[in-house]
Amino acid sequence: MSNSNSPYNQALGQRLIERSVREKIVIVGVTLDGHGDEETETSLDELALLIDTAGADVAGRLVQRRDTPDHTWYVGKGKAEELRDLCLMVDADTVVFDNELSPAQQYNLEKLLGRTAIDRTAVILDIFAQNAHTLEGKAQVELALLRYRLPRLRRGADANLSQQRGGVGARFGSGETKLEVDRRRIKNRISRLEHELEELGHTRNLQRKGRSRSGLANVVIVGYTNAGKSTLLNRLTNAGVLVENRLFATLDPTTRRLSLPGGEPVLLTDTVGFVRRLPHGLVESFKSTLEVATKADYLVHVVDGSGFDPDGQIDAVRDVLREIGAQAVPELLVFNKADLDPQAVADAVTWHPGSVGISAHAGTGIDAFLSTLSDRLRSLSTAVELLVPYGRGDVLAAIHREGEVVATTHEEDGVRVRARLTEASAGRLVEFVVGMGA
Numbered sequence: 177m178s179n180s181n182s183p184y185n186q187a188l189g190q191r192l193i194e195r196s197v198r199e200k201i202v203i204v205g206v207t208l209d210g211h212g213d214e215e216t217e218t219s220l221d222e223l224a225l226l227i228d229t230a231g232a233d234v235a236g237r238l239v240q241r242r243d244t245p246d247h248t249w250y251v252g253k254g255k256a257e258e259l260r261d262l263c264l265m266v267d268a269d270t271v272v273f274d275n276e277l278s279p280a281q282q283y284n285l286e287k288l289l290g291r292t293a294i295d296r297t298a299v300i301l302d303i304f305a306q307n308a309h310t311l312e313g314k315a316q317v318e319l320a321l322l323r324y325r326l327p328r329l330r331r332g333a334d335a336n337l338s339q340q341r342g343g344v345g346a347r348f349g350s351g352e353t354k355l356e357v358d359r360r361r362i363k364n365r366i367s368r369l370e371h372e373l374e375e376l377g378h379t380r381n382l383q384r385k386g387r388s389r390s391g392l393a394n395v396v397i398v399g400y401t402n403a404g405k406s407t408l409l410n411r412l413t414n415a416g417v418l419v420e421n422r423l424f425a426t427l428d429p430t431t432r433r434l435s436l437p438g439g440e441p442v443l444l445t446d447t448v449g450f451v452r453r454l455p456h457g458l459v460e461s462f463k464s465t466l467e468v469a470t471k472a473d474y475l476v477h478v479v480d481g482s483g484f485d486p487d488g489q490i491d492a493v494r495d496v497l498r499e500i501g502a503q504a505v506p507e508l509l510v511f512n513k514a515d516l517d518p519q520a521v522a523d524a525v526t527w528h529p530g531s532v533g534i535s536a537h538a539g540t541g542i543d544a545f546l547s548t549l550s551d552r553l554r555s556l557s558t559a560v561e562l563l564v565p566y567g568r569g570d571v572l573a574a575i576h577r578e579g580e581v582v583a584t585t586h587e588e589d590g591v592r593v594r595a596r597l598t599e600a601s602a603g604r605l606v607e608f609v610v611g612m613g614a
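So for the sequence shown, our numbering puts the first residue at 177; every next one is plus one.
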């Protein structure tokens, strides 16, 4: 799908050169009216983790409290000059703002500082660019980044500083200075990517319909990045999904079949992790992938119970779920990493009735989790009674494959089966349904 001249392929060649040297980054956070200093510091700590994941080092940190952002530099003039001095002192390559910069603010900062200035969104896009492996994942990331870069194109060599150099937030971009040519090329590329993703989305919908015809319940794992979603999928299904202690290690969804304690099979899907203030453009570009959550029968919401702010992470995930229209899908909260902090996980379960605590890494609590999930799904299924002729072994096999068989009795006309089935399965087998099961 991507050609050799695409920004994605240009980025790959660029990164091979940059791997040996880690950039020095100064991070900046602004506490605006209505927000607290602790919130800013926590967000900056997370930004530092994001930068480390992107392959750079934080060499300095600067914070300021303001009622509103300065329209020129976001921070005040005095703080901007202090930032310039700090960059010179630590020999920083790049400045990263935790707050979203407008194209004009980014331009003015780069002119004043004499070095690249980017925001949190650019760092997240950079990490996604590193971790996208499938055709669809690469196209989604490239689309999000091109949408981000388009309004930031400016005329003149100074304005192209961040496009012409390498480093965090600059994985893509041709470095051209012909403004209109750049804009036209990017718009054309965006149009092609949108068309390609639409076709891939159509294929994904066909695959999803095929799975729904199987009659199996669809369970989707969601959660904050690095909460342990892939570890849980591997623990339950031996899926072999890459597991790393880093943010956004998983971008491409993986689906595996899982048999619950009662014997009923379900489809279990891992998804990309969420993060606070996940860029809207990224959510929009990944919508076809994230839609798997909107079609789920149940969400398994994995939370790092040993983390600093589990409730904040829960809120961030639910914000994204609302943005993609999945807020109405029922969820089971699962507090993970009990092996790291058993008491914190136990407390979190106490504060959130109906949740469960586990260690996906060590395997503790998994049986209780599966039992709870089985009960939750059972409450969504329909109890039916079917009479299956003796010659229809295929129907009996389908009932066992798609649902939970409660009891069977052999009668003169066939096998009477009491089972719990999804609505889809019950609808397909309606000619054999003789009543409601017990």
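Glycine included, C-beta positions come from ideal geometry on N, C-alpha and C.
Under three-state DSSP, which class holds S482?
Looking at S482 - three-state DSSP - the assignment turns out to be coil, as it is neither helix nor strand.
Is it buried or exposed for R328, if we count other Cβ within 10 angstroms and need 16 for buried?
Under this definition R328 is a buried residue.
Taking the alpha carbon of G439 as the reference point, which residue from S219, L321, E276 and L553 has its own alpha carbon closest?
Considering only alpha carbons, the answer is L553.
Under 8 Å: do the segment 502-513 and the segment 470-486 share three or more Cβ pairs, one atom per stretch?
These segments touch.
C-alpha distance - R323 paired with V609, whole-angstrom precision:
Looking at the two C-alpha atoms, the distance is approximately 53 Å.
Spatial neighbours of L516 in its chain, beta-carbon cut-off 6 Å, leaving aside the 5 residues before and after:
Within the same chain, L516 has close Cβ partners S482.
Pairwise C-alpha distance: S535 and T244:
Taking the Cα positions, T244 is about 43 Å away from S535.
If V396 and A472 are in contact, beta carbons under 8 Å, what's the gap, nearest whole angstrom?
The C-beta distance from V396 to A472 rounds to 4 Å, short enough to meet the 8 Å contact threshold.
Using the Cα positions of D480 and D487, report the straight-line distance between them to the nearest angstrom.
Looking at the two C-alpha atoms, the distance is approximately 10 Å.
Same chain, Cβ closer than 8 Å to D589, neighbours up to 5 away in sequence not counted
Closer than 8 Å at Cβ, skipping near neighbours: L563 and P565.
Mind checking S406: buried by the 16 CB within 10 Å criterion, or exposed?
Classification of S406: buried, given that the 10 Å Cβ count is 16 or more.
Using the C-alpha atoms, what's the distance from P529 back to A520?
Between A520 and P529, the C-alpha separation is close to 15 Å.
Is K463 helix, strand or coil by DSSP?
Helix, per DSSP.
Taking E580 as part of the beta strand (DSSP E), name the residues at either end of that continuous run.
From DSSP, the beta strand (DSSP E) with E580 extends over E580 to H586.
Can the beta-carbon of K287 be found closer than 8 Å to that of A235?
Their beta carbons are not under 8 Å apart, which means K287 does not touch A235 by this criterion.
Under a Cβ-count criterion, where at least 16 other Cβ atoms within 10 Å of its own Cβ denotes burial, should N402 be classed as buried or exposed?
Answer is buried; the Cβ neighbour count reaches 16.
Please give the ranges of any alpha helix (DSSP H) in the segment 270-337, keeping only runs that are unbroken, at least 4 residues long and fully inside the region.
Correct list: 279-289, 296-307 and 311-325.
Count Cβ pairs between the segment 310-321 and the segment 445-462 that sit closer than 8 Å; are there 3 or more?
With a cut-off of 8 Å, the segment 445-462 and the segment 310-321 count as touching, because enough Cβ pairs lie within range.
Three-way DSSP call (helix, strand, coil) for V266 in this model:
Of the three classes helix, strand and coil, the one that applies to V266 here is helix, per DSSP.
Collapsed DSSP secondary structure at K200 in the structure displayed
In the three-state scheme derived from DSSP, where H, G and I count as helix and E and B as strand, K200 is classed as strand.
For N364, does the count of other Cβ atoms within 10 angstroms reach 16, so buried, or fall short, so exposed?
By the neighbour-count criterion, in which a residue is buried when 16 or more other Cβ atoms sit within 10 angstroms of its Cβ, N364 is exposed.
So, do the segment 357-371 and the segment 292-312 have three or more beta carbon pairs nearer to each other than 8 Å?
Segments in contact, no.
Measuring CB atoms only, is the segment 444-454 touching the segment 491-504, in the sense that at least three cross pairs come out at less than 8 Å?
Yes: at least three Cβ pairs fall under 8 Å.
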